[in-house]
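What follows is a single structure, written as structure tokens, with notes after it.
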Amino acid sequence: MSSESVDFIREHINADLAKGRYDRVHTRFPPEPNGYLHIGHAKSICLNFGIARDYNGLCNLRFDDTNPTKEEVEYVDSIMEDVRWLGFDWEDRLFYASDYFDQLYAWAEKMVLAGQAYVCDLTADEVREHRGTLTSPGRNSRFRDRSADENLDLFRRMRAGEFPDGSRTLRAKVDMASPNFNMRDPVMYRILHATHHRTGDKWCIYPTYDYTHGQSDSLEGITHSICTLEFENHRPLYDWYVKTLGIHHSRQIEFARLNLTYTMMSKRRLLELVKEGVVEGWDDPRMPTICGFRRRGYTPEAIRNFCAKIGVAKVDSVIDLALLEHCLRDDLNRRAARVMAVLNPLKIVITNYPEGSVDELEAVNNPEDPAMGMRKVPFSREIWIEQDDFKEDPPKGFYRLSPGKEVRLRWAYLITCTNVVKDPATGAIVEVHCTYDPATRGGNAPDGRKVKSTIHWVSAARALQAEVRIYDNLFTVPDPSDVPQGQDYKINLNPKSLEVLPCCRVEPSLADAKVQDRLQFERLGYFCVDRDSKPGKLVFNRTVSLRDSYAKVEKKK
RNA sequence: UACCCGGUGGUGUAAUGGUAACACAAGGGUUUUUGGUACCCUCGUUCCUGGUUCGAGUCCAGGCCGGGUAGCCA
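Take the first sequence: its position 476, counting from 1, is numbered 833 in our numbering, and each next residue is one higher.
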């Protein structure tokens, strides 16, 4: 691959290939199954699988499951589903770090015998105390110089379950004075009498991430091990292990994780939102999880395109949510069928339209794609329009319906507002009376007169009832974690992130809409059929609104 | 305070010693049976100071600012 502008990772790969350091490209996506994947993982997935595709290489899916206390099969299942949904395929290369426990253990014994690792009896507190500080070197553990025989005996007994959790560790003998903490005799194995989701109770000692990752990469023949910036300081240790063991050496390259405005990406906090019921679950349409986006109506194409557009670098950056939404609209604009739906209904009576008669009008399904064809929409004397599309006292710049004004009903007729009917008690508008011009069927006036506005509508006689859920950002500020001293990020939660509209009216063509179908409600936005939807009881999620330049004008006032 | 990594429009990404480009956002306009879409225009002397060079965003030195790191988490 030698195109004009490539990111720094591909630059490294190109250089490695040119130098002959590797003669192929093999990457991996290595999530820990301790939570659901989010949009930040999508960046990593697109990178790893995308690089493999670009270089005619391979990409593995590997679960980094070295900590049984946090991992569950529920998470491994969801991760596989999400990676597939995003459009990537690991073929037969599904691996688990736990597949390598035996090999890892054998290597550890080898290091013990070579005097490169030792069993340390220091408590966690003592280890921390021996580690030193940012400015001062650490001190050697008093167990550092045990004989190989004693170490081997102790390590085997650790494995045999003779010791309680936390009583001992196996540590690599590196350098307690290193300026890099990761090199100050890092722990390789800890005692954890816990049941692992795959290996069950076979083990009561588990390898740490640092002792596992490079070796797993090595065993799988990975060439480029791409991870996020916080592992930069771990690279010397990563390199140390594979060099010490003398095994295939993958190259670790770090990039900056994705941050999005108005979004919280921390797994811990997302878990908290789920557990505390702030959201309805991991796939709540407001969640930045892959399954949340899926339920919200996002397409994998939009997410992939977004990942391609944000690029990859080493600077900490925050991407504007607007870019994600732009990618979404861009995709949905091309593929979503147009349909008419009224969210906040206002009744219109066409006083000169014959009672009881219904007219089937032709409507274009998608102006961006003629192949999507046409459909019929029924028109009748009473119709619903959007409350926002009528104003008794229209402000300047409002060119929808108001008394005396003529507008076009999409695909139907030109109508003129003649009269407003109000509740005598409350003064609230009950219905609006209009007349239609029969000569304008389809929407054009034979005399060539123009109207400023076209509004959507639904036949009252034939409308279907629907519930529509309007979603907004979960947080009200661009950086939700930016809170005053002592405050919680939850103060930034958006109390109006979900608004349920139970009595919407949609056109009858939606009667057999299927779960996950994506549509554009004309002039409103893109919506999808929620999994709560049933034949008699339609439920739609608003995926994203349409861009709305009138809303901006209104807001400015 | 030690080590590591960064710093280009409002945001993100390019430019690999030779006219700072592209996208999003914002603002303005054209077209339009969606106030949508599409199209056009406007919007940065590259953190600072020195140096090398005919020429520096790019190379060098020093500074400033931001991020990461002291789990038996990953």
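Backbone N, C-alpha and C define an ideal beta-carbon position, used for all residues, glycine too.
Original post:
What residues in its chain sit with their C-beta under 8 Å from that of L821, if we drop five residues either side in the sequence?
Top reply: R862, V863, E864, P865, L867, A868, L895
Subject >> Complete beta strand (DSSP E) runs within the segment 731-791 (minimum length 3 residues, chain order) >> reply: 731-736, 739-743, 763-766, 771-779
Subject >> Same chain, Cβ closer than 6 Å to F365, neighbours up to 5 away in sequence not counted >> reply: none
**OP:** For T426, count neighbouring C-beta atoms within 10 Å of its own C-beta (all shown protein chains included) and say buried if the count is 16 or more, exposed if not.
**Re:** exposed
**OP:** Using a threshold of 7 Å, state whether the C-beta atoms of K400 and L680 are closer than that.
**Re:** no
Subject >> For Y462, three-class secondary structure by DSSP >> reply: helix
Original post:
Taking C-beta to C-beta, are H554 and E428 nearer than 7 Å?
Top reply: yes
Original post:
So what does F386 bridge to, in DSSP terms?
Top reply: L418
Original post:
Under the DSSP definition of a beta bridge, which residues are partnered with R608?
Top reply: H581
**OP:** Taking 7 Å as the cut-off, decide whether the C-beta atoms of R528 and I562 are in contact.
**Re:** no
Original post:
Which residue spans inside the segment 641-717 form an unbroken alpha helix (DSSP H) run of at least 4?
Top reply: 647-653, 657-667, 678-692
**OP:** Measure the Cβ-Cβ separation of A802 and L758 and say whether it is below 7 Å.
**Re:** no
Original post:
When you compare each of F538, R819, E712 to F588 by their alpha carbons, which one comes out closest?
Top reply: F538
Original post:
Among residues of its own chain, excluding the 5 on either side of V808, which ones have a beta-carbon nearer than 7 Å to its beta-carbon?
Top reply: E763, V764, R765, L771
Original post:
Under 7 Å between the Cβ atoms of A698 and N723?
Top reply: no
Original post:
In the DSSP assignment, what residue or residues form a beta bridge with S902?
Top reply: G882
**OP:** Label T480 either buried or exposed according to how many other C-beta atoms from any shown protein chain fall within 10 Å of its C-beta, with 16 as the threshold for buried.
**Re:** exposed
Original post:
In three-state terms, what does DSSP make of L867?
Top reply: helix
**OP:** Return the residue from the list Y453, N405, L903 that minimises the CA-CA distance to L443.
**Re:** N405
Original post:
Closest by CA to G850, which one among G843, V910, L858, V834?
Top reply: Gly is not the amino acid found at residue 850; the sequence shown has Leu there. If we check each option's Cα against that of L850, V834 comes out closest.
Original post:
Under the rule that 16 or more other beta-carbon atoms within 10 Å means buried, what is A870, buried or exposed?
Top reply: buried
Subject >> Buried versus exposed call for K530 [16 or more other C-beta atoms within 10 Å across all chains shown] >> reply: buried
Subject >> Proximal residues to Q877 (C-beta, below 6 Å), its chain only, five neighbours per side dropped >> reply: A693, R695, Y883
Original post:
Going by beta carbon distance, what residues of the same chain come within less than 7 Å of K853, once the five residues before and after it are set aside?
Top reply: D829
Original post:
Quick one: Cα of N456 to Cα of K912, how far?
Top reply: It is Asp, not Asn, that sits at residue 456 in the sequence shown. If you take the alpha carbons of D456 and K912, they lie about 58 Å apart.
Subject >> Terminal residues of the beta strand (DSSP E) in which Q822 lies >> reply: 821-828
**OP:** Please look up how many angstroms separate the CB atoms of L685 and W741, rounded, as I've assumed it's under 8 Å.
**Re:** 28 Å between Cβ atoms; not a contact.
Original post:
Should the segment 573-581 be regarded as contacting the segment 541-560, the criterion being three or more beta carbon pairs within less than 8 Å?
Top reply: no
**OP:** Check G518 in the structure and name its three-state DSSP category.
**Re:** coil
Original post:
Helix, strand or coil for C561 per DSSP?
Top reply: coil
**OP:** Please state whether DSSP places W814 in a helix, a strand or coil.
**Re:** strand
Subject >> Same chain, Cβ closer than 6 Å to G495, neighbours up to 5 away in sequence not counted >> reply: H487, R488, G489, M533, R541
**OP:** With distances taken Cα to Cα, identify the nearest neighbour of R653 among L374, P795, F897, G843.
**Re:** F897
Subject >> Cut-off 6 Å between Cβ atoms - residues of its own chain near V778, not counting five sequence neighbours on either side >> reply: V787, E788
Subject >> Helix, strand or coil at F500 [DSSP, three-state] >> reply: coil
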